[in-house]
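Letter by letter, the sequence shown follows residues -17 to 99 in the numbering used here.
Structure first, commentary second.
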Amino acid sequence: QVQLVESGGGLVQPGGSLRLSCAASTTVFRFYIMGWYRQAPGNQRDLIASIVSSGRQNYTESVKGRFTISRDNAKNTVSLQMNNLKSEDTAVYSCYAQHIFSGTMYWGQGTQVTVSS
């Protein structure tokens, strides 16, 4: 069982920045793909960014060039730096961890990001 604790989020104006962080309770952090999903009201949950232990990253098209995912394998944390935020980025953002061998997934509790003037 892996517990994921998120921090960050909140209200920001369009064009602003926010940083989300997620701490994982596991001794084998390197065996997990880490990433972020988001879900806006009335929409499905979408994968927006992921990162493997080696640092290779993937992003959904809508956030490329604006969001950066990173991980610290020594501290068992993953972060999402979000720049040039738009109103359509408003959603609940959830951290996840997926074991590279079993595929088992764990989720954080979610944190609200609201982009509004």
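For glycine and all other residues, C-beta sits at the position ideal for the given N, C-alpha and C.
Alpha-carbon to alpha-carbon, His81 and Thr50 | Here the question's residue 50 lines up with position 68 in the sequence shown. Here the question's residue 81 lines up with position 99 in the sequence shown. C-alpha separation (whole angstroms): 22 Å.
Have a look at Val95 and Gly24 and give me their C-alpha separation to the nearest angstrom.
-> For the purposes of this step, residue 95 is taken as the residue at position 113 of the sequence shown. For the purposes of this step, residue 24 is taken as the residue at position 42 of the sequence shown. Going from the Cα of Val95 to the Cα of Gly24 covers about 16 Å.
Straight-line CA distance for Val(-13) to Tyr19?
-> The residue given as residue -13 occupies position 5 in the sequence shown. The residue given as residue 19 occupies position 37 in the sequence shown. Going by the C-alpha atoms only, they are around 14 Å apart.
Going by DSSP, which residues form a beta bridge with Asp54?
-> Residue 54 sits at position 72 when you count from the first residue of the sequence shown. Paired residue(s): Thr59.
Measuring alpha carbon to alpha carbon, tell me which of Gln(-5), Tyr75, Arg1 ends up nearest Ser61.
-> Against the sequence shown, residue 61 aligns to sequence position 79. The candidate whose alpha carbon is nearest that of Ser61 is Arg1.
Contact check, Ala73 vs Ala22, beta carbons under 8 Å = As a working mapping, residue 73 is identified with position 91 in the sequence shown. As a working mapping, residue 22 is identified with position 40 in the sequence shown. Closer than 8 Å, so yes.
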